[in-house]
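Per the working numbering, the sequence shown starts with residue 12, numbered consecutively.
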Amino acid sequence: MQREHWGSRIGFILAAAGSAVGLGNIWKFPYLVGAEGGGAFLVVYVAFLIAIGVCVMIAEIALGRQAQSNPFGAFKRAAGGGWSIFGLLAVLTAFLILSFYSVVGGWTVAYIVKTVSGGFSGYTGAEFEKQFGALVSSAIEPIVYHGAFMAIGVLIVIRGISGGIEKASKIMMPLLFILLALLVVRSLTLPGAMAGVKYFLVPDWSHLDADMVSAALGQAFFTLSLGMGALITYGSYLGKKESIPNAAMWVVGLDLLVAVLAGFLILPAVFAFNMDPAAGPGLTFITLPAIFAELPFGMFIQLCFFVLLFVAAITSAISLLQVVVAFVCEEFNVGRKSATIWVGLVTFLFGVPSSLALGIWGEFTLFGMNFFELLGFITDNYFLPLGGVATCLVAGWVSYDKFVNEITNEGERPFTYLTAWKWMCRVVAPIAIIYVMLHATFDV
Ligand code: PHE
12 MQREHWGSRI GFILAAAGSA VGLGNIWKFP YLVGAEGGGA FLVVYVAFLI
62 AIGVCVMIAE IALGRQAQSN PFGAFKRAAG GGWSIFGLLA VLTAFLILSF
112 YSVVGGWTVA YIVKTVSGGF SGYTGAEFEK QFGALVSSAI EPIVYHGAFM
162 AIGVLIVIRG ISGGIEKASK IMMPLLFILL ALLVVRSLTL PGAMAGVKYF
212 LVPDWSHLDA DMVSAALGQA FFTLSLGMGA LITYGSYLGK KESIPNAAMW
262 VVGLDLLVAV LAGFLILPAV FAFNMDPAAG PGLTFITLPA IFAELPFGMF
312 IQLCFFVLLF VAAITSAISL LQVVVAFVCE EFNVGRKSAT IWVGLVTFLF
362 GVPSSLALGI WGEFTLFGMN FFELLGFITD NYFLPLGGVA TCLVAGWVSY
412 DKFVNEITNE GERPFTYLTA WKWMCRVVAP IAIIYVMLHA TFDV
């Protein structure tokens, strides 16, 4: 059977950027900047994004395209039997991440519904905090929204690559940029906004330590959707004539742009209202609504913001879903429709304990973490980095020639930075990534 393809180059770039731009950019990045010392974190993060992120992304796309396969088949074909274990790991990671990502995605749906139905009117700061706590910790409500979020993902992926994922990305990514631009302008024109801009851009190097460096690299991986097969899978539908390095640079550029804009949206608002930028995960769900409530047309601004967050989340979720769906279709010969429905259902069920872990199952912990935190910790600190290192080693050492062939389109499009890329994959990226794993484990 003929493999599906993206309808156009821009379709691939928007879909891959959709995968990259997610909760990681709008929810996690600003609170990391807040917690890890503003501009200093930004500088380290951008350095990793450009030096390591682009290289690993090029390797992943090339791996998928040369093998024309899901991550499992891709590792098997590119590097042979034993390496395919890393393909399996990538698929497993995508599944695990999607299960709890969809829980958070569900919260964005809940906020949209509550904003539209007027459920928040008259709320003040403390009430937002209470209602967020009540939402995430209740037994049924967040699971219903998690189910709704997953169902929307299934409805998109079931329509296939160009008819589903590409079409959805082509509508949603421009919408995302429009909403973001609107919100940034509003935030920057608040009195006192400049303090936030300053905090975001002016590095305070006293924050530079191993924790920060490791958080920056971890975030670079997560935000680019590296290490869990998303770009291997998306790359496998990319036409043979397209330039991989060029596409990768676009995707990284767009991802960085959104993260920086999200910083300009959130930090100035937080500073203008004298809130705590290091508030952590509650920053977008508690602090921001409290700020919006103070503004004229606050509910409208709030709606724009949570639609933005939803769009960012769903375009990422579908890339994770597609990883698992492609694997099931290709390795077990199942049709796309039934594969999508089954994968969606099983992932939904697996997400339920993550949601409950924030409420009634909160006391079940392992190593001091509940189920939700544990999944995040394991995938962030071990599975993603392992996937990344494996891709680098296969690209840089095991099948280097095949990769060069793929990246240069059989020699037709020379890649100027080939030598730099090679040594990044061979030595620099693996060492940096392994360091992050060690740091998470032994605090070295
Ligand atoms: N890159 C996404 C984000 O920043 C998260 C994600 C990870 C999406 C892995 C797909 C795959 O939120």
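No residue lacks a Cβ here, since even glycine has one placed at the ideal position from N, Cα and C.
| field | Pocket of the ligand PHE defined by Cβ to heavy atom distance under 6 Å | value | Chain-ordered list of matching residues: S30, A31, G33, L34, G35, N36, I108, F233, T234, S236, M239, A241, S327, S330 and L331.
| Roughly how many angstroms separate the alpha carbons of A420 and V54, rounded to a whole number? | Inspection of the sequence shows that residue 420 is occupied by Asn rather than by Ala. Distance between the alpha carbons of N420 and V54 is about 33 Å.
| Are the Cβ atoms of G18 and E177 separated by less than 7 Å? | Contact flag set, yes.
| message | Please state whether the Cβ-Cβ distance between V195 and L268 is less than 7 Å. | response | Not closer than 7 Å, so no.
| task | Along the alpha helix (DSSP H) that carries A347, what are the first and last residues, could you check? | result | Before going further, note that residue 347 is Arg rather than Ala in the sequence given. Element bounds for R347: R347 to L367.
| request: May I ask which residues mark the beginning and end of the alpha helix (DSSP H) holding F232? | output: In this chain, the alpha helix (DSSP H) harbouring F232 covers A221 to T234.
| request: Closer than 8 Å by C-beta to I61: which residues in its own chain qualify, once you throw out the five before and the five after it? Chain order, please. | output: Annotation for I61: V263 place their beta carbon closer than 8 Å to its own, counting only its chain and skipping 5 residues before and after.
| message | Is the beta carbon of G75 closer than 7 Å to that of S225? | response | Taking 7 Å as the Cβ cut-off, S225 and G75 do not qualify as a contacting pair.
| message | Quick test of your reading: G117 and Y56, contact by CB under 8 Å. State the CB separation rounded to the nearest angstrom. | response | Contact between G117 and Y56 is ruled out by a C-beta separation of about 28 Å, above the 8 Å threshold.
| message | Please list the terminal residues of the continuous alpha helix (DSSP H) segment that includes Q333. | response | Per DSSP, Q333 belongs to the alpha helix (DSSP H) from G309 to F343.
| request: Would you decide whether F23 is buried or exposed? Buried here means 16 or more other CB atoms lie within 10 Å of its CB. | output: With 16 or more neighbouring CB atoms inside 10 Å of its own CB, F23 falls in the buried class.
| task | Tell me, please, whether the segment 293 to 307 touches the segment 132 to 150 by the rule of three or more beta-carbon pairs shorter than 8 Å. | result | Look at the beta carbons and you see the segment 293 to 307 touching the segment 132 to 150: at least three pairs across the two are nearer than 8 Å.
| query | What is the DSSP secondary structure of G84, reduced to helix, strand or coil? | reply | Look at G84 here: in three-state DSSP terms it is helix.
| said: My output table needs one value for P214: the three-state DSSP class, helix, strand or coil. | reply: In the structure shown, P214 sits in a strand (DSSP, three-state: E or B).
| task | Go ahead and label R197 buried or exposed: buried means 16 or more other beta carbons lie within 10 angstroms of its beta carbon, across all protein chains shown. | result | Taking a 10 Å sphere around the C-beta of R197, we find 16 or more other C-beta atoms and assign the residue as buried.
| query | Taking three-plus beta-carbon pairs below 8 Å as touching, is the segment 101 to 112 in contact with the segment 309 to 323? | reply | Touching, no.
| query | Taking only runs of the alpha helix (DSSP H) that begin and end inside the segment 135 to 167, which ones reach a length of at least 4 residues, in chain order? | reply | Runs of the alpha helix (DSSP H) lying entirely within the segment 135 to 167, each at least 4 residues long, are 136 to 148 in chain order.
| query | Run through DSSP, which three-state label would M380 get? | reply | Three-state result, M380: strand.
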